[in-house]
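Data first, discussion second: the structure below is written as C-alpha cells.
In the numbering used here, the protein residues as written are 157 to 486.
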C-alpha cells in the first residue's frame with residue numbers, strides 16, 4: 157500500500173524546543189499570547205509571539221471535571237507568565253465543557269469560522285484575559301444530535317490553510333479518543349458524526365479479557381493483527397463475536413498479546429468505517445487531521461474501503477484555527 161499523499165497547503169510555524177533558554181526580557185510592544193487545545197486525552201499549550209510559536213507544553217489532559225484543573229493549569233503556565241508580558245490566553249476543547257474552566261455554548265450547524273469566533277466566551281483566568289472557543293453542535297432533532305469541542309478549531313484551521321477544502325463539499329476525519337467525521341461545504345461545517353472507537357479500544361485493552369494485549373510478542377505482530385482485524389471487520393460485521401477471537405487466538409492459536417492489541421484496533425476501526433458506510437455513502441476522498449500514527453491507520457482502513465485520503469498536519473491545523481480567534485480578539 158502506498159503512503160497517503162501529504163496535505164499540500166500546510167502552514168509552517170516557527171517552533172522552538174520544549175523549553176527555551178530566556179536570555180532577555182520581552183519587549184512590551186510584542187504581542188504574546190498563550191494558545192491551547194484542551195483535549196479529552198491530551199493538553200497542548202503554545203506560547204505565541206507576533207505570529208510565531210516560541211515555546212510549547214505537551215502533556216496529559218487536565219480533565220474537564222477535575223476539581224484541581226485550574227490550579228494545575230496555573231502551575232503549567234506560571235513560568236511563561238513570569239518571563240513574558242502575556243496579554244491573553246485562548247483555549248479550545250474541554251476548557252469550555254460543562255465542569256471545565258468556564259462553560260462555552262455551542263454554535264449550531266451550518267457553522268462558519270466567523271460565527272464560531274463570535275460564539276467564544278471572553279472572561280479571565282487569574283487576572284489574565286481568557287477566550288474559550290465555542291463548540292459545534294448539529295441541529296437537535298428526535299433522531300440524532302452530535303457535538304464536538306476542540307476539533308472545530310482543526311476543521312476551520314485546515315480550511316484556512318488548504319484552499320481546496322474551503323470551496324465545495326468535502327469530508328474531514330479527525331481520529332482520536334472520540335473520532336469525528338465532519339462534512340464541510342463552502343467553508344461551513346454542515347454535519348458531524350462521532351465514533352467512540354479510541355475510547356472503546358482503551359477500555360477493552362485494559363479489561364481482564366484482553367489483559368495480555370499490551371506486552372508480549374515482536375512489534376511486527378501488532379501490525380499483522382491490525383491488518384487481520386481490518387479484513388475481518390470489513391467482511392464479518394459481528395463485532396462482539398469477532399472481539400472474543402482476540403482472546404481465543406491467544407489461548408488456542410499461539411497469538412501474542414501485541415497481535416491481539418492490533419487485531420482489536422483493526423476490528424474497531426473497520427467497524428467505524430463500515431457503520432459510516434451504512435449510514436451514508438462513503439466519500440471518494442477525505443482529509444485526515446490527527447496524530448501521524450492514528451492517521452496512518454485510518455488511511456490503511458479507508459484504502460480497504462476504496463476511499464482515498466491525505467494527511468494534514470495536526471498542530472498546524474489547530475494553530476491556524478486558534479489564529480482565527482486570535483485575529484478576532486485583536
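A virtual CB, placed ideally from N, CA and C, is assigned to each residue, including glycine.
None of these values were measured; they are calculated from a predicted model.
In whole angstroms, what separates the C-alpha of residue 482 from that of residue 194? 16 Å
Could you give the residue range of the beta strand (DSSP E) that holds residue 154? Because residue 154 is not part of the residues shown, which for the chain are 157 to 486, the question remains open.
Please work out which residues of its chain come closer than 6 Å, Cβ to Cβ, to residue 377, disregarding the five sequence neighbours upstream and downstream, and give them in chain order. 412, 414, 415
For the segment 255-286, list the alpha helix (DSSP H) runs that are entirely contained and at least 4 residues long, ordered along the chain. 269-274
Does the beta-carbon of residue 476 have 16 or more other beta-carbons within 10 angstroms, so that it is buried, or is it exposed? buried
Can you say whether residue 274 is buried or exposed, counting buried as having 16 or more other CB atoms within 10 angstroms of its CB? exposed
Terminal residues of the continuous alpha helix (DSSP H) containing residue 377? 376-391
Let's see if you can read the secondary structure: which residues bound the beta strand (DSSP E) around residue 442? 441-446
My output table needs one value for residue 334: the three-state DSSP class, helix, strand or coil. coil
Exposed or buried, residue 434, counting other C-beta atoms within 10 Å across all chains shown (16 or more means buried)? exposed
Beta-carbon contacts of residue 479 that lie in its chain and below 6 Å, excluding the five residues immediately before and after: none
Assuming residue 202 contacts residue 192 under a Cβ cut-off of 8 Å, what Cβ separation, rounded to an integer in Å, is found between them? 7 Å
Buried or exposed: residue 471, going by 16 or more other Cβ atoms within 10 Å of its Cβ? buried
Could you tell me the distance, in whole angstroms, from the CA atom of residue 350 to the CA atom of residue 317? 24 Å
List the DSSP bridge partners of residue 216. 198
For the alpha helix (DSSP H) containing residue 361, name the first residue and the last one. 353-362
Across the segment 340-356 and the segment 298-316, are there enough close Cβ pairs to call them in contact, namely three or more that are closer than 8 Å? yes
Residue 292 to residue 356, Cα distance in whole Å? 23 Å
How big is the Cα-Cα spacing for residue 265 and residue 334? 19 Å
Short check: CB of residue 422 to CB of residue 381, under 8 Å? yes
Exposed or buried, which one is residue 396 when buried takes at least 16 other CB atoms within 10 Å? exposed
I need the boundaries of the beta strand (DSSP E) containing residue 466, first residue and last residue. 464-469
Integer Cβ distance of residue 260 from residue 290, believed to fall under 8 Å: 5 Å
I believe residue 468 touches residue 314 by the beta-carbon criterion, under 8 Å. Please report the beta-carbon distance rounded to the nearest angstrom. 5 Å
Sequence-distant residues of its chain with Cβ nearer than 8 Å to residue 169 (five each side left out): Annotation note: pLDDT 32 at residue 169 (below 50); position unreliable, no value reported.
Restricting to Cα atoms, I'd like to know which of 390, 401, 400, 441 is closest to residue 460. 390
What's the C-alpha gap between residue 456 and residue 444? 12 Å
Quick one: what does DSSP say residue 429 is sitting in, helix, strand or coil? helix
According to DSSP, which residues form a beta bridge with residue 304? 292
Exposed or buried, what is residue 325 when buried is set at 16 or more other beta-carbons lying within 10 Å of its beta-carbon? exposed
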